[in-house]
Structures are given as structure tokens and as C-alpha cells.
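Peer 1:
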Amino acid sequence: GINAEYGGREMSIYYAVIARKTTVLTKFAQYQGNFDQVTTEILRKVDRDGKLTYTHDKYLFHYIASDMITYLCITDEDFPRSKAFSFLKDIMQRFQRQYGSTAKTALPYAMDSDFAKVLQNQVRYYVENPDSGTVSKVQNEIEDLKQIMVTNIDTLSQRGERLELLVDKAEDLSNQSTQFQRQSRELRRAMFWKNVKMYLMIGGIGFAIFWVILSISCGGISIPKCR
108 GINAEYGGRE MSIYYAVIAR KTTVLTKFAQ YQGNFDQVTT EILRKVDRDG KLTYTHDKYL
168 FHYIASDMIT YLCITDEDFP RSKAFSFLKD IMQRFQRQYG STAKTALPYA MDSDFAKVLQ
228 NQVRYYVENP DSGTVSKVQN EIEDLKQIMV TNIDTLSQRG ERLELLVDKA EDLSNQSTQF
288 QRQSRELRRA MFWKNVKMYL MIGGIGFAIF WVILSISCGG ISIPKCR
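Be aware that the sequence shown starts at 108, since it is given in the working numbering, and climbs by one per residue.
1) If you follow the alpha helix (DSSP H) that T147 is in, where does it begin and where does it stop?
2) Going by beta carbon distance, what residues of the same chain come within less than 8 Å of I120, once the five residues before and after it are set aside?
3) On the DSSP bridge assignment, give the partners of M256 in chain order.
4) Is it buried or exposed for M118, if we count other Cβ within 10 angstroms and need 16 for buried?
5) Excluding the 5 residues flanking F135 on each side, which residues of the same chain have their C-beta closer than 6 Å to its C-beta?
6) Taking the alpha-carbon of S189 as reference, which of W300, R155, N236, Q205 has the nearest alpha-carbon?
7) Do R151 and A172 have their beta-carbon atoms positioned less than 8 Å apart in this structure?
8) DSSP on K134, reduced to helix/strand/coil?
9) Alpha carbon to alpha carbon, how far is F314 from M305?
10) Which residues in the same chain have their Cβ closer than 8 Å to the Cβ of R127, if we skip the five residues on either side of it in sequence?
11) If I'm right that L307 touches Y216 with Cβ under 8 Å, what's the distance once you round it to whole angstroms?
12) Use the C-beta contact count for I309: other C-beta atoms within 10 angstroms, 16 or more gives buried, fewer gives exposed.
13) With DSSP as the reference, label S189 as helix, strand or coil.
14) For the alpha helix (DSSP H) that A213 lies in, which residues bound it at each end?
15) Name, in chain order, the residues that DSSP records as bridge partners for S208.
16) Apply the 10 Å Cβ neighbour rule to L167 and answer buried if 16 or more other Cβ atoms are within range, or exposed otherwise.
17) Would you tell me roughly how many angstroms separate the C-alpha atoms of M199 and S324, rounded to the nearest one?
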């Protein structure tokens, strides 16, 4: 995994995702875990531009929402919040430069084949260089943090069900071949369901047209002339 140790503490960014509401456009995961399940609950609640941190056991969930797109990462509790938001701001600027407004209508995982590698590289940079940046930049980051609310992730749970993040560090997904296989599998799954929906819609429209023509030919919706 991509981890750094400072003062005896291991610090890392475990997961990063860019999504339009709950439609994932690209993501990177260091380890196996139920990241998608937990982050979907967060993404579903994002309804306006802004920044927020959720706490959950020893993990922190940070996000920036801007112009219909949410940029989210999961870190351990020791990873500096200022650096987490610097990372999010960095990938947001790179993503916006590369894709612009096309992200507002893109299919699920449409940017994954290109941008997942960018996420991985930037995760590595921010984990391995936690003290990077000028003094003025760090001061600005700290001032910015004062405006970002921190809340417990349990506020998202419904009907008393507690969200629980599970991370399996035994399975390292940060190598490129494993990442590519996962991306291909998820893209195929997303395209399959999109095709199913399209065929159902075409079938429904075709049946409706057939019924209208039949009704006209048979004297009304109850088709009395054709019985």
C-alpha cells in the first residue's frame, strides 16, 4: 500500500472517488473494503456545493462538491485534514481541466481508464510528501479548515442502521494490474445495466406505439372491433 510513517504513526489516503451524485466516474482504492457502500450514502446526501468532513472510528471522510461533481477521499484519523483537502482541490482542478462540462453527462466509470492513474499518483504524492507546500499555503489551508464542518457519519444512517467501514489491508490493490482488472470489470457491469435499461425503454416505447395503432384500427382502447 501507499503509506507513510511519521512519529510512529502510519498515515495514508485509502480511497478516492469522483462522482456525479451517486454515479461514479472514476476511483482509486488501495485496499479491499466496502468503500463503495459507505461512500454511496455520503454521495446521496450531497445536494449543494461545499466541503465537509465525516468522522467514523479511526477514519475520516472528506469531500468537496463543486458544480454537480463530488470529490471524496477516505484517510486515517492521523492524516492531516489540510493535506486531505489540498489533495481534493488538486484532483478537482486536474479533473476539471481534463474533462470540463462533459462530466455532467458522462456514463459511469467513463473517466476511470484515464483518471484512476492520476488519482493513484496524487495519492502517492500527498502521502509521501505530507509537509510539502510553502508556509503561506499551509496557513491558508489551516484558515480554510476553520470553515469546514466536521460531523459524525452516524448522522447519515437511517432506521438506526450503523454505517461501518471495513478495510482489508491484506489485499493491496495499489498495483496497476489489479487496478486495471477491477476497472474493466466495473465498466463492463455499468455498461451491461445501461444496455438493459435502454432495451427496456425501447421495448416499452415500441409496445406503446403498437397499442396506439391497434386501438385506432380497432375502434378504441378496448379494441371492440378486433374481438
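We put the CB at the ideal spot given by N, CA and C, even for glycine.
Peer 2: In this structure, then:
1) The count along the sequence shown starts at 1 and reaches residue 147 at position 40. For T147, the enclosing alpha helix (DSSP H) starts and ends at 142–152.
2) For the purposes of this step, residue 120 is taken as the residue at position 13 of the sequence shown. I109, Q137, C180, I181, T182, F186, A191, F194, V230, Y233, V234, listed in sequence order.
3) The sequence position of residue 256 within the sequence shown is 149, counting from 1. BP columns for M256 point to L159.
4) What you label residue 118 is simply residue 11 of the sequence shown in a count that begins at 1. The residue in question, M118, is buried, as its Cβ has 16 or more Cβ neighbours within 10 Å.
5) Within the sequence shown, the letter at position 28 stands for residue 135. Excluding residues within five positions, the ones whose Cβ falls inside 6 Å are A123, A223, L226, Q227.
6) Stepping through the sequence shown from its first residue, residue 189 is reached at position 82. Ranking the options by Cα distance to S189, first place goes to N236.
7) Position 65 of the sequence shown, counted from the start, is the residue given in the question as residue 172. Position 44 of the sequence shown, counted from the start, is the residue given in the question as residue 151. The answer is no: Cβ separation not under 8 Å.
8) Within the sequence shown, the letter at position 27 stands for residue 134. DSSP places K134 in strand when its eight states are reduced to three.
9) Translated into positions along the sequence shown, residue 314 becomes position 207. Translated into positions along the sequence shown, residue 305 becomes position 198. Taking the straight line from one Cα to the other gives about 14 Å.
10) Position 20 of the sequence shown holds residue 127. If we look at R127 and ignore the five residues flanking it on each side, its Cβ neighbours are M175, I176, T177, A210, K211, A213.
11) Along the sequence shown, one-based indexing puts residue 307 at 200. Along the sequence shown, one-based indexing puts residue 216 at 109. Incorrect: roughly 21 Å between the Cβ atoms, too far for contact.
12) For the purposes of this step, residue 309 is identified with residue 202 of the sequence shown, where counting begins at 1. With fewer than 16 other Cβ atoms within 10 Å, it is exposed.
13) Sequence index remark: in the sequence shown, residue 189 carries index 82 (1-based). In this structure, S189 counts as helix in the three-state DSSP scheme.
14) For the purposes of this step, residue 213 is taken as residue 106 along the sequence shown, with counting starting at 1. From DSSP, A213 is part of no alpha helix (DSSP H); its letter is neither H nor E.
15) Position 101 of the sequence shown, counting from 1, holds the residue named residue 208. S208 is not bridged to any residue.
16) Translated into positions along the sequence shown, residue 167 becomes position 60. Of the residues assessed, L167 falls on the buried side of the cut-off, its CB having 16 or more other CB atoms within 10 angstroms.
17) Position 92 of the sequence shown, counted from the start, is the residue given in the question as residue 199. Position 217 of the sequence shown, counted from the start, is the residue given in the question as residue 324. Each residue's Cα considered, the two are about 57 Å apart.
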